[in-house]
Amino acid sequence: MTESINDLCNAPIHPQAAEGLRLFNEGKYFEAHEALEIAWLEEKGKVRELYRGVLQIAVVYLHATRRNYNGVIKVYGRSQKWLKDWPEICRGIDVGQLQRDAKAVVNEINRLGMENISQFNNSLLKPVRWNENQTGKKHVYICDRCGHEMHEKNCKVTCPNCGNRFDCSDLNIYFD
Ligand SMILES: [Zn+2]
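Position one of the sequence shown corresponds to residue 292 (the numbering used here), numbered consecutively onward.
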């Protein structure tokens, strides 16, 4: 694994992708697909392909809930181009688990075939495991001495105006 893919995967998830995952995990696959599509359109880097792949799994699951055999098989096939080359976890998304879950869904749909797809059990449609803390929302620190916005890096919080500083573990001393 190169350093660049690590850097790429350690960056925060796009807010609309995060929203898409929340909707996905509520079983709102159509809405999830819409939010992930915005992330895909707005993201310029390679990670847009990951969002596109997750988007397509949302569509696969939507087709599964509608018992649309051809829809499941077709969209799952497309999704693999976008999903196969990522590390196990990227942007806080457990891509490996999602891939195994989606594969289990498709295997079951294949086993049932078009005639018996009505017997598909929706409990196979698992939520995406992801880390909500990787959304890149930063705490805004305001200096208690001068009111200036402070900078945080590696848990060291510094005021660029007056030099006031503290460690983020001391946060409750300054802000409660
Ligand atoms: Zn200050």
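We put the beta carbon where it would ideally sit given N, CA and C, even for glycine.
Judged by their CB atoms, C450 and C459 are not nearer to each other than the 8 Å cut-off. Relative to ligand 1, the beta carbon of R313 is positioned no closer than 7 Å to any heavy atom. In summary, F321 is exposed, with fewer than 16 beta-carbon neighbours lying within 10 Å of its beta-carbon over all protein chains present. H442 has its Cβ no nearer than 7 Å to any heavy atom of ligand 1. Closest in C-alpha terms to K372, from the list A309, N407 and V345, comes V345. With contacts defined by Cβ atoms closer than 8 Å, L312 and V396 do not form a contacting pair. Counting only runs that start and end inside the segment 328-362, there is no beta strand (DSSP E) element of at least 3 residues. Per DSSP, K447 is one residue of the beta strand (DSSP E) stretching across K447 to T449.
A direct Cα-to-Cα measurement between R357 and I400 gives close to 12 Å. Rounded to whole angstroms, the gap between the alpha carbons of K335 and I304 is 13 Å. Taking C-beta separations shorter than 6 Å and ignoring five residues to either side along the sequence, the partners of Q388 in its chain run R420, following chain order. The three-state secondary structure of F315, taken from DSSP, is helix.
Screening all residues for a C-beta within a distance smaller than 6 Å of any heavy atom in ligand 1 leaves C434, R436, C437, H439, C450, N452, C453 and N455, in chain order. In this model, N422 and I380 are separated by some 10 Å (Cα to Cα). Distance from the CA of I384 to the CA of A308, rounded to the nearest whole angstrom, comes to 10 Å.
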